[in-house]
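Input: a single structure, listed below in structure tokens.
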């Protein structure tokens, strides 16, 4: 659940599933004649959005700060832009992102099961 502030009221809305997010993006994109961009264009857009997120991270945590003339954007905004384009790519390639992430988690939990130091369980 996440909160959305509206004036003084705070409304609790359930978080959307990845399937719902993919459907929302698809409804938006397919409402235009152009539809999804070709895969290489989407890769270029992903690279662009990742660069913008990287610039914000660098400004906050790195040595290279922004010029005073450069706009400050939130990490949330830039992450959202990146996620939107990633969902566009996945949709255009008929990739179920829930399934893709579940497969990756299975891979990590199998391949890297003993790679990292486990936290001790709380009693």
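Residue numbers (the numbering used here): 80 to 202. Ideal Cβ placement from N, Cα and C applies to all residues, glycine included.
Counting along the chain, residue 118 sits inside the alpha helix (DSSP H) bounded by residues 118-140. Minimum Cα-Cα distance from residue 122 among the listed residues 161, 194, 184 and 193 corresponds to 161. The Cβ-Cβ distance between residue 135 and residue 149 does not fall below 7 Å. The beta carbon of residue 180 sits closer than 6 Å to none of the beta carbons in its chain outside the five residues before and after it. Counting only residues of its own chain and dropping the five nearest sequence neighbours on each side, residue 125 has a CB closer than 8 Å to the CB of 161, 164, 165 and 168. Annotated as distal: residue 105 and residue 173, with beta-carbon spacing of 7 Å or more. Around the beta carbon of residue 99, fewer than 16 other beta carbons lie within 10 angstroms, which makes this residue exposed. Residue 166 sits in a helix when the DSSP states are folded into three classes.
Residue 97 has its alpha-carbon roughly 16 Å from the corresponding atom of residue 108. The Cβ-Cβ distance between residue 138 and residue 145 falls below 7 Å. Boundaries of the alpha helix (DSSP H) around residue 185: 176-190.
In the DSSP annotation of this structure, the continuous segment of the alpha helix (DSSP H) that includes residue 104 starts and ends at 97-108. DSSP, reduced to helix, strand and coil, places residue 158 within a helical segment of the structure shown.
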